[in-house]
Amino acid sequence: MRDRLVAMAAGLWWGSLTAIGFVAVPLLFRHLPSPQIAGNMAAHLFTAQTWLSVACGLVLLLLRPKHPGALSGRAGTALIFVVLGMLLALLIEFAVAPHIRARDNLALWHGVGTGMYAVQWLCAGALLWRQARAPGG
Numbered sequence: 001m002r003d004r005l006v007a008m009a010a011g012l013w014w015g016s017l018t019a020i021g022f023v024a025v026p027l028l029f030r031h032l033p034s035p036q037i038a039g040n041m042a043a044h045l046f047t048a049q050t051w052l053s054v055a056c057g058l059v060l061l062l063l064r065p066k067h068p069g070a071l072s073g074r075a076g077t078a079l080i081f082v083v084l085g086m087l088l089a090l091l092i093e094f095a096v097a098p099h100i101r102a103r104d105n106l107a108l109w110h111g112v113g114t115g116m117y118a119v120q121w122l123c124a125g126a127l128l129w130r131q132a133r134a135p136g137g
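Numbered by this note's numbering, the letters in the sequence shown go through residues 1 to 137 in order.
Spelled out as structure tokens, the structure:
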């Protein structure tokens, strides 16, 4: 049961990052009448993604192994991915997004946010990949 919940949380995290960042937001900019409207809608989607990322990360933290030595090897690496992914989500929302919304050096802050989102996506992907490994592997 624990393994299934972990797999679902990791899958939801990575899948939602993929769907919003690489599908929904690009479609907004392609089909909405102006970049300003698309940007405002994208900001709402990214805020929702932040809280979904934090929720998935908390589930993964709560379900991590509690036995002695649980922070060694694979479990320790997974913990780093969870904490880093959550930290990136919160930094994007509270440190980067305000600059983007204010159009304060938009190119710089958009690039920083995009890079941080990509690293968060890689963290969630690594967690999902590790969880979905072949039985006994």
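Positions of the beta carbon are idealized from the N, C-alpha and C atoms, including for glycine.
From a predicted model like this one, the values you see are computed outputs, not experimental measurements.
If you check the CB distance, A7 and Q120 do not come in under 7 Å. Burial check for I80: the Cβ neighbour count within 10 Å stays below 16, so the residue is exposed. Three or more Cβ pairs closer than 8 Å define a contact, and the region 47-60 meets that threshold against the region 85-98. Where M41 is concerned, the enclosing alpha helix (DSSP H) starts and stops at 35-62.
By the neighbour-count definition (other C-beta atoms within 10 Å, threshold 16), I100 is a buried residue.
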